[in-house]
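**Student:**
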Amino acid sequence: MKKEDVAAILEEIGVLLELKGENPFKTRAYHNAARLVKSLSADLVDLVQSGEIRNIKGIGSALADKITELVTTGRLEYYENLRAEFPDSLLELLRIPGLGPKKIKKLYEELGIQSIKDLELACRKHQLAALEGFGARTEQKILEGIQFIKQHSDRHLYHVALAAGERLFQHVAGHPAVIRAQLAGSLRRRKETVKDIDIVASAEEKDRDAIMEHFTQQPGVQTVVAKGSTKSSIITEEGIQADLRIVSDKQFPYALHHFTGSREHNTAMRSHARKLGIKMNEYGLFREDESLIPCRNEEEIFAALGMDYIPPELREDMGEIEAALEHRLPKLVETSEIRGIIHAHTTESDGANTLEEMVEACRKMGMQYLGISDHSQSVYYANGLSVERLREQRRRIDELNQKYPDFRIFHGTECDILSDGSLDYPDEVLAELDFVIISVHQKLNMSEQEATERIIKAMAHPLVTILGHPTGRLLLSREGYPLNYAELFAAAKEYNVIIEINANPHRFDLDWRYVREARDQGIMLSINPDAHSVAGLSDTFLGVGIARKGWLTAADVLNTHSAEEVEKIFAKKKGRPAVS
Ligand code: DGT
Ligand code: CA
Ligand code: ZN
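Per our numbering, numbering of the sequence shown is gapless, rising by one per residue and ending at 617.
1) The alpha helix (DSSP H) spanning His-380 covers which residue range?
2) Is the beta carbon of Arg-556 less than 7 Å from the beta carbon of His-506?
3) From the DSSP output, in three-state form, read off Arg-431 for me.
4) Is Val-74 near ligand 1, going by C-beta to nearest heavy atom under 6 Å?
5) Between the alpha carbons of Asn-60 and Pro-124, how many angstroms are there, rounded?
6) Can you tell me where the alpha helix (DSSP H) holding Lys-268 begins and where it ends?
7) Please name the residue or residues paired with Arg-34 in a DSSP beta bridge.
8) Is the beta carbon of Gln-259 less than 7 Å from the beta carbon of Ile-272?
9) What does the Cβ neighbour count give for Val-603, buried or exposed, with the cut at 16 atoms within 10 Å?
10) Which ranges would you report for the alpha helix (DSSP H) in the stretch 94-119 if only whole runs of at least 4 residues count?
11) CA-CA distance, Asp-286 and Gly-182?
12) Please confirm whether any heavy atom of ligand 3 lies closer than 6 Å to the CB of Ser-299.
13) With a threshold of 6 Å, establish whether the CB of Ser-476 neighbours any heavy atom of ligand 5.
14) Would you say the beta carbon of Gly-222 comes nearer than 6 Å to a heavy atom of ligand 2?
15) In whole angstroms, give me the CA-to-CA distance for Ser-126 and His-68.
16) Can you list, in chain order, the residues of its chain with a C-beta nearer than 7 Å to that of His-498? Leave out the 5 residues immediately preceding and following it.
17) Can you give the Cα-Cα distance for Gly-137 and Arg-510, rounded to whole angstroms?
18) Between the stretch 380-389 and the stretch 569-577, do three or more beta carbon pairs fall short of 8 Å?
19) If you measure between the beta carbons of Asn-565 and Gly-377, is that distance less than 7 Å?
20) When you compare only the Cα positions, how much space is there between Val-261 and Tyr-145?
21) Is Glu-274 near ligand 3 - that is, is its Cβ less than 6 Å away from at least one heavy atom of it?
22) Distance, Cα to Cα, Ile-409 vs Glu-337?
23) Are the Cβ atoms of Gly-517 and Arg-491 separated by less than 7 Å?
24) Excluding the five sequence neighbours on either side, which residues of its own chain have a C-beta within less than 6 Å of the C-beta of Thr-64, listed in chain order?
25) Please state whether DSSP places Ser-599 in a helix, a strand or coil.
26) Which of the three DSSP states, helix, strand or coil, is assigned to Ala-27?
27) Out of Leu-589, His-412, Gly-111, Lys-440, point me to the one whose CA is closest to Leu-562's CA.
28) For Val-82, which of Leu-158, Glu-465, Phe-171, Ala-101 has the nearest alpha-carbon?
29) If we ignore side chains and look at the alpha-carbon of each, how far apart do Ala-240 and Ile-283 end up?
30) Kindly list the residues whose CB is nearer than 8 Å to the CB of Leu-73, restricted to its own chain and excluding five residues on each side of it in sequence; keep chain order.
31) Just grab the DSSP bridge partners of Val-197 for me.
32) Are the CB atoms of Gly-580 and Ile-606 within a distance shorter than 7 Å?
In structure tokens:
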């Protein structure tokens, strides 16, 4: 059993105990253990076999027993018994924004609500309004939440689809008769969410059935939806549909371009081609006499239409065709250009790894610097740092900076924007830090005007360096608060505030559709993982995809700059010269 699976079960036990109304210490122990297990760098099986699992801080002996049972037998009786106490569909309710175990318990016990369907009906009959702690407004919010879930239930987060897509792609590409293969569709365009996985491959006609057999019979296939010699569809064990299309090798570039999309890009490409007297479709580029314009790869397709190569991320019909014709596409930022990581949490607040572990991991990744930003004092549920603890952290960071002259740790904070737009530490404390990220975590329920005013007021504070996750959205589960982007960007420009592209795949916030506008206004962006563990640091690279979709070059991104340059940018904001 993988540590992710163990962690998921521990997490679920925590929730089930909350549904039972167990005491908060007990439930929290499970949630904490789940986080700990997920972030373990050592192999869980080794830890269990050596008994070392018992020495890990935060895992008591009862928990160690349960983890051992899970890892060695693949089952846990305690968990199975707990699950049996509630209907399976009850846990679905957790996906609705604003509904935690406490509220669900009440709905279940007092109204007998067991599923999303029950809940929707109860809201429509206004049965919730009568319950203590609920009201007409809650009913409305819940209905909106259900609507949101329905709209998004057929989509998947990018990183989940990518993991499945990579595995399927490798499997297909590994077949000896496959000539070329590539991931296409929204995954290749690095969209923030993905409906289904598209793979395009080329092979001789005689080999296609065998390749399709290889595709549909592989391990980890839940259902075979369709099987033909040019197209097959399966559903993976993650519940994601994947389509494989096989074409001749001559056709491959055209098919790859077509199935990469987007639909809107394809339509615009076709109408441009038409102006040149060329017909374009998934089978080829054709002159007026129906003869094929031969292209060996996508580059040659664009060249045949008088365009520079358009990277897949830009194929959204947002001006890329005109730019490619006029040779003014940007040189998009690349993963290899990332030189440091900003926005990381440690065990001091709600991170799973210590400061030292985060630094060590960052150095191993070949980074030059790390910007630590734990939560601020009023975020009690994430163990936000008091002023004393923040200063103590500073001392430890200074020591580590001494120890590693070739690496730079910047000391910052993810400081809460309080409901009135003020910040969560006094000015003299903020002034001691190298950088200040500001974020909204509490009272997210705001109108566009309220949210915009609150954030702009906070950005106006002279010590603010970066605006964190600007809308607070959680992809596929929570819509962010609405913002007036024109006003937001004007303020960021005026107050010289960098805007974060939060690279956590649940957020990807700022949305790429606005990234380009921010850049055009002269605002710098920073690709930040918001890492809560060592593993989370590499989310930075997922964020590069979003930056690319936002047309960013390396120069537009804070953390492609050297440690010295970043120090200067931070110091300038504070109106004083860099120290070193
Ligand atoms: P999604 O929804 O995340 O799966 O997004 P895509 O872009 O992967 O969409 P999908 O899987 O329906 O189709 C893959 C690509 O194939 C799409 O981006 C463009 C192309 N395509 C599919 N159907 C059509 C169509 O009816 N017209 C055009 N022009 N292109 C299409
Ligand atoms: Ca797709
Ligand atoms: Zn945050």
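For glycine and all other residues, C-beta sits at the position ideal for the given N, C-alpha and C.
**Tutor:** Here's the rundown:
1) First-last for His-380: 377-381, but that is the beta strand (DSSP E), not the alpha helix (DSSP H).
2) Going by C-beta atoms, Arg-556 is not nearer than 7 Å to His-506.
3) It is helical.
4) No, Cβ of Val-74 sits at least 6 Å from all heavy atoms of ligand 1.
5) Approximately 22 Å, taken between the alpha carbons.
6) If you look at Lys-268, you'll find it isn't in any alpha helix (DSSP H); it sits in the beta strand (DSSP E) that goes 268-273.
7) This structure leaves residue 34 out entirely; the chain is present only between 38 and 617.
8) Yes. Within cutoff.
9) Under this definition Val-603 is a buried residue.
10) Secondary structure in the stretch 94-119: the alpha helix (DSSP H) runs of 4 residues or longer, each lying completely within the stretch, are 98-110 in chain order.
11) Asp-286 and Gly-182: Cα-Cα distance of roughly 46 Å.
12) Ser-299: no, Cβ never under 6 Å from ligand 3.
13) In the structure on display, ligand 5 does not appear, and the ligands it does have are ligand 1, ligand 2 and ligand 3.
14) In terms of side-chain proximity, the C-beta atom of Gly-222 is found nearer than 6 Å to a non-hydrogen atom of ligand 2.
15) Rounded to the nearest angstrom, the two C-alpha atoms are 21 Å apart.
16) Taken in chain order, the residues that qualify are Leu-460.
17) Each residue's Cα considered, the two are about 17 Å apart.
18) Yes, the stretch 380-389 touches the stretch 569-577.
19) Contact flag unset, no.
20) C-alpha separation (whole angstroms): 37 Å.
21) No, Cβ of Glu-274 sits at least 6 Å from all heavy atoms of ligand 3.
22) Computed Cα separation, rounded: 46 Å.
23) No, they are not a contact pair.
24) Around Thr-64, the same chain offers Gly-51, Leu-54, Glu-55 as residues with beta carbons nearer than 6 Å, after the five sequence neighbours per side are excluded.
25) Three-state DSSP puts Ser-599 in coil, outside helix and strand.
26) Summary: the structure shown does not reach residue 27, with the chain confined to residues 38 through 617, and so no result is reported for it.
27) Measuring from the Cα of Leu-562, the nearest candidate turns out to be Leu-589.
28) The candidate whose alpha carbon is nearest that of Val-82 is Ala-101.
29) Near 7 Å, if we compare the C-alpha coordinates of Ile-283 and Ala-240.
30) If we look at Leu-73 and ignore the five residues flanking it on each side, its Cβ neighbours are Ile-93, Gly-95, Ile-96, Ala-389.
31) Answer is none; Val-197 lacks a bridge partner.
32) Remark: C-beta atoms of Ile-606 and Gly-580 do not approach each other more closely than 7 Å.
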